[in-house]
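Only one structure is covered here, and it is reproduced in the block below.
Chains as they are written, first to last, in my numbering: chain A, 914 to 1243; chain B, 8 to 330.
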C-alpha cells in the first residue's frame, strides 16, 4: 500500500474553478484600513524580484474572511484556521488526513478505477483533458482520498473529498472510491469517517454522476448492516448530489464552523425565488438550528471529538476507555 | 386546442388548413369547392401531415426531446394514475410538517392488484400548476414518499412511481427543512424496501428530485422522456457560460431515453404514438400500462430474499458498465 506523500506546501486559496462553485465567499477586499497593504503592494514585489529564488510565491496569505495577512507557514501550523477571526479555510485532502489521524500517520488505500469519460464529454475543453489537468495539479486520481490509521488509538477508515480536484464533484470514480472506503471499513470492522466538500454532481458525467447517489447510499447501507459507525464531517462547501446522498446519511453529522451546506446553492435559490436570503442561510450554524447537524467543531477540537465518538460507538473499543497504548494492533 | 412546438410548425400549418377545409365542408355539406373534393383534399393533407410528423419525430434532436418531454399537453402522473388504476385513494402528508402536492401518491389497484402509487405531478392549468408547485417537490414531499414506501413494504404492495419533474424545489423553505436529507433518505428508502419498485420516467427526470423516487428494480422511460443531472439550459450557462449553447449541452449530457439505454442506466423504452404522448394520451397511457404490467410480473417472479441484493447489484454494476 502506498505511503502518504509529503505534505503539499504550495496551495492557492483562491480557488477559481468553474464547476458548480458557490460564489458566496467574501470577495478579496482591497482594504484601505489594512495597515499591511503597503507590504503586499510595494515591499513584496520588490522582495520577490530581489530574492526570487528564496521567497516562494505564497509566503503570505490573506484571510478570505477578515482580509488579515499572515505567514502561510504559520497558517499551515494552525490547520489553516485564521488566527484573527477563526475562519476555516480550504484544506487539501492530505492535510485533512494528517490533522485527523494520530501523529499524522496514515496509509492510503488503492482505489478502483472507473470509466474515465463515459459520455465522451466536451464543453470548452475535453473532459479527459480536465481530468488530466486536475490529476497533475492535485496528484490525486479523483476527488476522494481514502486512508486508514488510528484516531484516538482506535482503528478508523477516513475518506476525504478533495475540493482541489474539480471542486470535489461526484462522478463514477468517486462512487467507486466511496464504495471501496465502505468495504475497507467493513473488512477492518472499523468506523468510516468522511470529510465532505463538493460542488455537487460532476456534470461532465451526466446521469452517470446522478447514479452515484444511489450507489454511495448502498455503501452507507452496508456500513449500517455491519453495525459500523458512519461519521460525516461537513466542510465548506457541501452541496448538490453529495449533500442529497451520503453526506446527509451519517449516524452523526459534524460541521466545520460556517461551512456552506446546501442542496441547491444560494445563487440558484436567489435566481429562482428572487428573494433575499436570510443571514447565515445554509451555513453550519443554521443547519444545526434546523436539526440537520449534530455538532459544530473547529479543526482543533475535531480529532479528539472523533476519537471520543468512535470510542462510544464501536462496541469493542467503547466498553473500555481506549487509550493508544491499550488498543489492539492491527 | 393543440399546442405546437416550434419545430412542428409545418405540421401546424397543414393541420390549420385541414381545419379550415373541414369548416368549409360543413358549410356546403361536402358539395365540393371549384371541383375540389374536400374530403379527398383533407385526407391528402392529413396524410402529408402524418408523414411530416413521423419524419420529425423519428429524428428529434436532444433539445427537441427536452421540449417534447416538457410539453404541457403530455399526460402527467395523475392522468396515468386515473386511467391505469382503479380505487385510487390519495394519501396525504409526511406526518411531520405538511402535505406536498408536488409529490402525490396513495393506494390503488393496478389491474386488480393493490399497489402503492407515487408520482411527481406538474399540474395541467394555472390553478393546478400552482397547487402542485409545477411538480417541484419540497422535503415534506420526499418524506411523504418515504412514508408511503414504508407502508407499501409493511403490507407487501408493489410500488409504482411516475417521474415528471424539473427537479426538487430550490427554495428557502425547502432548504430550511432539509431538502438534501429528505432526498437522501428517500433514495435510501427506495433501495431498502422489500417490495418491487418500478419507476417510469414519463416526461422530465430532473436530477435529485427524480432519483429520490426512482432508485428501484426497474426504470422505464417513455420514448421522448429525458433524464438528466442538470437541465441543458443550466448546463449551458454553467459549463459553456452561454445560454445559447443549450442544444450542445442537451446533446452532450446524453439525457435521452435512447442514450441512457445504451449506457445501461435504464431498462426499457416505451414507444410513444407518432407525434409524442401529447398527441394521443390515451394510447400512450395504455402502452405505459402494458410495459409496467410486464416489468412488474418479471420483478414479482424474483424470489423475495434476493430482491434487495438484485436491486443493489443493478446500481453497483452501473458505473462499471457505462464505459
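Glycine residues also receive a C-beta, built at the ideal position from the N, C-alpha and C atoms. Because the structure is a prediction, the values reported are computed rather than measured.
Option nearest residue i by Cα separation, candidates the options
i	options	result
residue 121 of chain B	B:145, B:143, B:63 and B:159	B:159
residue 1010 of chain A	A:1154, A:1045 and A:1105	A:1105
residue 210 of chain B	B:257, B:17 and B:285	B:285
residue 112 of chain B	B:105, B:124 and B:307	B:124
residue 12 of chain B	B:71, B:56, B:34 and B:45	B:71
residue 109 of chain B	B:68, B:226, B:267 and B:84	B:84
residue 1162 of chain A	A:1137, A:1223 and A:1171	A:1137
residue 186 of chain B	A:978, A:1204 and A:973	A:1204
residue 1167 of chain A	A:1018, A:1178, A:1177 and A:1214	A:1214
residue 325 of chain B	A:982, A:1129 and A:1146	A:1129
residue 156 of chain B	B:193, B:236 and B:170	B:193
residue 1217 of chain A	A:1067, A:1111 and A:1095	A:1067
Test: residue i CB closer than 9 Å to a CB of chain A
i	result
residue 92 of chain B	no
residue 172 of chain B	no
residue 181 of chain B	yes
residue 305 of chain B	no
residue 121 of chain B	no
residue 313 of chain B	no
residue 332 of chain B	Any property of residue 332 of chain B remains undetermined from this structure, which presents chain B solely from 8 to 330.
residue 84 of chain B	no
residue 110 of chain B	no
residue 138 of chain B	no
residue 325 of chain B	yes
residue 319 of chain B	yes
residue 130 of chain B	no
residue 265 of chain B	no
residue 186 of chain B	yes
Alpha-carbon spacing of residue i relative to residue j, whole angstroms
i	j	result
residue 1221 of chain A	residue 1065 of chain A	7 Å
residue 315 of chain B	residue 1088 of chain A	19 Å
residue 47 of chain B	residue 59 of chain B	18 Å
residue 198 of chain B	residue 1055 of chain A	26 Å
residue 1160 of chain A	residue 191 of chain B	8 Å
residue 195 of chain B	residue 1131 of chain A	8 Å
residue 163 of chain B	residue 299 of chain B	18 Å
residue 103 of chain B	residue 89 of chain B	28 Å
residue 1143 of chain A	residue 1015 of chain A	19 Å
residue 1186 of chain A	residue 68 of chain B	31 Å
residue 939 of chain A	residue 1224 of chain A	Its pLDDT being 39, under 50, residue 939 of chain A is placed unreliably in this model, and the value from its coordinates should be taken loosely. If you take the alpha carbons of residue 939 of chain A and residue 1224 of chain A, they lie about 38 Å apart.
residue 1024 of chain A	residue 1085 of chain A	12 Å
residue 1090 of chain A	residue 63 of chain B	43 Å
residue 1152 of chain A	residue 1198 of chain A	16 Å
residue 1193 of chain A	residue 1076 of chain A	22 Å
residue 915 of chain A	residue 213 of chain B	Any reading at residue 915 of chain A must be qualified, since the residue scores a pLDDT of 48, below 50, and its modelled position is unreliable; no value is offered.
residue 1103 of chain A	residue 1070 of chain A	6 Å
residue 1072 of chain A	residue 236 of chain B	24 Å
residue 101 of chain B	residue 149 of chain B	8 Å
residue 127 of chain B	residue 980 of chain A	47 Å
Chain B within 9 Å of residue i, Cβ atoms only
i	result
residue 1165 of chain A	no
residue 1106 of chain A	no
residue 1176 of chain A	yes
residue 1182 of chain A	yes
residue 1220 of chain A	no
residue 1055 of chain A	no
residue 1223 of chain A	no
residue 1077 of chain A	no
residue 1111 of chain A	no
residue 1120 of chain A	yes
residue 1027 of chain A	yes
Contact belief for residue i with residue j at Cβ below 8 Å, rounded distance in angstroms
i	j	result
residue 91 of chain B	residue 296 of chain B	5 Å
residue 179 of chain B	residue 1190 of chain A	7 Å
residue 262 of chain B	residue 1119 of chain A	7 Å
residue 1123 of chain A	residue 218 of chain B	6 Å
residue 1048 of chain A	residue 1083 of chain A	Not quite, the Cβ-Cβ distance comes to about 17 Å (not below 8 Å), so this is no contact.
residue 281 of chain B	residue 57 of chain B	7 Å
residue 225 of chain B	residue 312 of chain B	At roughly 19 Å, the Cβ-Cβ gap does not stay under 8 Å, so residue 225 of chain B and residue 312 of chain B are not in contact.
residue 146 of chain B	residue 181 of chain B	6 Å
residue 143 of chain B	residue 173 of chain B	6 Å
residue 1041 of chain A	residue 1030 of chain A	5 Å
residue 231 of chain B	residue 75 of chain B	4 Å
Proximal residues, the region 192 to 221 of chain B versus chain A, C-beta separation under 7 Å: 194, 195, 198, 199, 214, 215 and 218
Members of the region 1188 to 1217 of chain A near chain B, C-beta cut-off 9 Å: 1188, 1190, 1191, 1194, 1195, 1199, 1200, 1203, 1204 and 1205
Residues from the region 146 to 180 of chain B in contact with chain A, defined by Cβ distance under 8 Å: 175, 177, 178 and 179
Residues, ordered as in the chain, of the region 1031 to 1053 of chain A that lie near chain B by beta-carbon distance below 9 Å: 1031, 1032, 1033, 1034, 1035, 1036 and 1037
Near-chain B residues of the region 1128 to 1149 of chain A - C-beta to any C-beta below 8 Å: 1128, 1130, 1131, 1133 and 1134
Selection of the region 250 to 261 of chain B by Cβ proximity to chain A, strictly under 7 Å: 259, 260 and 261
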